[in-house]
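Undergrad:
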Amino acid sequence: MKRIKQQIVLLTVTAALSSVAAADASDRRAEYLDNKGDRIEQRLDNKGDRIENRLDNKGDRINNRLDRKSERAAANGKEKRAAHLDKKGDRINNRLDRKGERVDHKLDRKGQKVDRRMDRRSARVGS
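Numbered according to mature numbering (1 follows the signal peptide of the UniProt record, and there is no 0), the sequence shown spans residues -21 to -1, 1 to 106.
Rendered as structure tokens:
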């Protein structure tokens, strides 16, 4: 009889400890998924920023080059050609700026979507 009581106590303690360990493991898993979503969102955000900066710099370089050509044409008395080159540089610069902003915004949305998905998964695991 004493042995049976010892086994019951041992099983009860073991069950309680294993439920605590399982809860701790699910909390760690939920935290891992939450952090994973944050890391992915940050990585995509940084990638979008790099692409936007690269396209912005490219547009500025092209615009500056065409501005120099425009100034040379104006100095040689070719006003229509100078105006055309100036407008062309502005057009290219604006187009590349818009493209960079569009890519950055798309990657930001994608990162937020992944982060929300990981948050939902962590909420399911945590509960």
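Using N, Cα and C, we set each Cβ at its ideal position, and we do this for glycine too.
1) Please name the residue in Arg8, Gly27, Ala9 whose C-alpha comes closest to that of Gly90.
2) Ile41 to Gly68, Cα distance in whole Å?
3) How big is the Cα-Cα spacing for Arg47 and Lys85?
4) CA-CA distance, Arg7 and Arg70?
5) For Lys57, does the three-state DSSP call read helix, strand or coil?
6) Do Val93 and Ile19 have their CB atoms nearer than 9 Å?
TA: Taking the structure as given:
1) Counting from 1 along the sequence shown, the entry for residue 90 is found at position 111. If we check each option's Cα against that of Gly90, Gly27 comes out closest.
2) Here residue 41 is taken as the residue at index 62 of the sequence shown, counted from 1. Here residue 68 is taken as the residue at index 89 of the sequence shown, counted from 1. Taking C-alpha positions only, Ile41 is separated from Gly68 by approximately 6 Å.
3) For the purposes of this step, residue 47 is taken as the residue at position 68 of the sequence shown. For the purposes of this step, residue 85 is taken as the residue at position 106 of the sequence shown. Arg47 and Lys85 have their C-alpha atoms some 34 Å from each other.
4) To locate residue 7, count along the sequence shown from 1; it is residue 28. To locate residue 70, count along the sequence shown from 1; it is residue 91. Rounded to the nearest angstrom, the two C-alpha atoms are 52 Å apart.
5) Locating residue 57 in the sequence shown gives position 78, counting from the first residue. The answer is coil: DSSP assigns Lys57 none of H, G, I, E or B.
6) Position 114 of the sequence shown, counting from 1, holds the residue named residue 93. Position 40 of the sequence shown, counting from 1, holds the residue named residue 19. With respect to Ile19, Val93 sits close: the two C-beta atoms are nearer than 9 Å.
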